[in-house]
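To convert, note that position 2 of the sequence shown is 1 in numbering that gives the first Met the number 0; the numbers rise steadily by one, no gaps.
Heads up, the beta-carbon is just placed ideally off N, CA and C, and yes, glycines get one too.
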Amino acid sequence: MSIQDQVAEMQQRALGELETASDLVALDEWRLKYLGKKGELTGFLRSMGSLPAEERPVVGQVVNAARKLLEEADGLRQTRLQAIALDQRLAADRVDVTLPGRPVETGRVHIITRTMREIESAFKAMGFQVAEGPEVELDFYNFEQLNMPPGHPARSMHDTFYFSESVVLRTHTSPNQIRVMEKQKPPIRVIVPGKCYRSEATDATHDFMFYQVEGLAVDRNVTLADLRGTLTDFARRLFGAERKVRFRCDYFPYVEPGVDLSIDCMLCGGKGCRVCKYSGWLEILGAGMVHPQVLRNVDIDSEKYSGFAFGMGPSRIALLKYGIDDIRQFFRNDLRFLEQFA
Ligand code: DAH
C-alpha cells in the first residue's frame, strides 16, 4: 500500500474515532494519538526519509492536507463537546426558583423590654427624660440618703446582697433620685429604668433579679395633685383610657406622704378574680411627695422646692397586663413562653 493510501486509511479511521470521542478527555487522547508529537501523522513525516527524493514533496502535501483536515475536525468536535459539557453542568446546577423558601426564624423584643419601652414612652410624652445609674451601689445612696440610716427598720424589707459593709447590689432604683439631684438642679423630670436585686427565696411573685422604673419630678409648687394627675395619666396610657385609679396611703421612708396606686382589674372589670385576688384592684406602683430631708440631703431648699417620686416593677406590670401567673417565667428563657408575645 502506498503512503498516500496509508494516510487516506488513517484519516478515515481518525475521523471515525473522532465521532465516538464522547467527552473532552477522550478527545485529548484522540489528539495525542493522531496529531501529537509521537502521533501517527508525525510518524509518516519521519518515515519520509526512506522515500525517493522526488516522492517526498507529494507525500508531504498529502500528510499536511490530512493534518489540516484532522485539526479542523478536532476544533469542531471540541466546540461541540464543550457545549455538551456546559449543558450538563447547567442541568446539574439548576436552581428551582419555584421551590418554597426555608423560613428564617425572626427574633422578637422580650416582653419585659417591650413593657419598659411602653412605660418610657408614656413618660417621655409627658416631658420626662430617661437616665441610668449603677447596679453596684453604695449603701449611702441605696439607703442612707433615702432616710434609711443603719439600723432603720425599713432596711429589713430589702433582702440585700452585700459586697461589703458599704457596697450593695441596689435593691431598688430609688438611689437614682439622689444621684440625679446631686447633678441636676430643679426643674427635674426624670425616669430611671434598670435592674435591681434582692436576696429572696423566689416564688411566683418574687425573683432575685427584677427591673424597676423610678420616677422623680422636682420644681417649685409641685403638689400631690401633680403626682395624682401624672400617674393617673400614665396608668391610663398603659392600661387603657377607661381605667379607674385608686390612691391609698402607704409608707416609704423617703416620701411624705407616701401612697400606692391601684387600677381597677381589667381582667374582671373590677368584679373580682384570681389575678386581683378577688379585690377588683391591682396595685401597680409606690409613690409619694419627696421627703424634705431627702431634698436637704442634696442641698435643695425644701422651702422653695417640692417634688414627687414613684417606683414600679415592669415585671409586675407585664404580669398584670398579660395575666401571667409566675414572674420567674420572664427570665427562664423558655421560647415556648416568650414566643407568645409576638
Ligand atoms: N423603692 C420602692 C420599692 O422598691 C418603690 C418606690 C416607692 C419608689 C415610693 C419611690 C417611691 O420613688 O416614692 O418598692
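Buried versus exposed call for residue i [16 or more other C-beta atoms within 10 Å across all chains shown]
i: V6; result: buried
i: F307; result: buried
i: T114; result: buried
i: D92; result: exposed
i: D95; result: exposed
i: S305; result: buried
i: S261; result: buried
i: F43; result: buried
i: S155; result: exposed
i: E136; result: buried
i: I118; result: buried
i: F162; result: exposed
i: K320; result: buried
i: S314; result: buried
i: V24; result: exposed
Test: residue i CB closer than 9 Å to a CB of chain C
i: Q60; result: Although the question refers to chain C, the structure presented lacks it and comprises just one protein chain.
Option nearest residue i by Cα separation, candidates the options
i: P148; options: S301, E338, I326 and Q292; result: Q292
i: R219; options: P186, I262 and D206; result: P186
i: Y253; options: P174, I316, S314 and E302; result: P174
i: E302; options: L89, V96, A203 and V221; result: V221
i: M125; options: Q183, P192, R188 and A65; result: R188
i: L284; options: K276, Y304 and A317; result: A317
i: I323; options: Q339, G310 and M311; result: Q339
i: R247; options: E241, A240 and P256; result: P256
i: G15; options: T41, S46 and A72; result: A72
i: I177; options: V289, Y210 and V57; result: V289
i: D300; options: D249, M180 and P313; result: M180
i: L145; options: V166, E131, T172 and S120; result: T172
i: V232; options: F209, S21 and F122; result: Inspection of the sequence shows that residue 232 is occupied by Asp rather than by Val. Residue F122 is the option with its Cα nearest to D232.
i: L80; options: H205, D298 and T19; result: T19
i: R66; options: Q11, D22 and C272; result: Q11
i: E8; options: S120, Y33 and D27; result: Y33
i: D202; options: L75, R327 and A90; result: R327
i: A130; options: Q183, D158 and A153; result: Q183
i: F336; options: R107, K37, L23 and L98; result: R107
i: L215; options: F238, G310 and T204; result: G310
i: V244; options: P51, M265 and Y250; result: M265
i: V274; options: S120, T204 and F251; result: T204
i: G74; options: D158, R295, W29 and R88; result: W29
Unbroken alpha helix (DSSP H) run spanning residue i, endpoints
i: V61; result: R55 to D92
i: F233; result: L223 to F238
i: D27; result: L23 to L34
i: D249; result: D249 -> not in any alpha helix (DSSP H); beta strand (DSSP E) instead, spanning V244 to D249.
i: M9; result: I2 to T19
i: L40; result: E39 to S46
i: W175; result: One detail in the question is off: residue 175 reads as Asn in this sequence, not Trp. Note, N175: alpha helix (DSSP H), P174 to K182.
i: F127; result: That residue, F127, is in no alpha helix (DSSP H); it is neither H nor E in DSSP.
i: T112; result: I110 to K123
N- and C-terminal bounds of the beta strand (DSSP E) containing residue i
i: E346; result: With the chain covering 0 to 341 only, the question about residue 346 has no answer from this structure.
i: Q339; result: Looking at the DSSP string, Q339 is not in any beta strand (DSSP E), and its letter there is neither H nor E.
i: E255; result: V254 to D263
i: Y304; result: Y304 to M311
i: V166; result: V166 to L168
i: V135; result: V135 to L137
Residues that residue i bridges to, as DSSP identifies them
i: C195; result: F209
i: L215; result: V189 and A308
i: Y277; result: Answer is none; Y277 lacks a bridge partner.
i: Q144; result: DSSP, once it has assigned bridges, lists no residue as partnering Q144.
i: Y161; result: V167
i: D202; result: H205
Presumed contact (8 Å Cβ cut-off) between residue i and residue j, rounded CB distance
i: S198; j: F160; result: 5 Å
i: D263; j: W280; result: 6 Å
i: V191; j: E213; result: 4 Å
i: Y196; j: I111; result: Wrong, their Cβ atoms sit about 15 Å apart, outside the cutoff.
i: L31; j: R76; result: With 8 Å as the limit, L31 and R76 do not qualify as a contact, their Cβ atoms being about 14 Å apart.
i: V167; j: D138; result: 6 Å
i: G351; j: Y277; result: With the chain covering only 0 through 341, there is no way to say anything about residue 351.
i: L40; j: V62; result: 6 Å
i: R227; j: A234; result: R227 to A234, Cβ: 11 Å. No contact.
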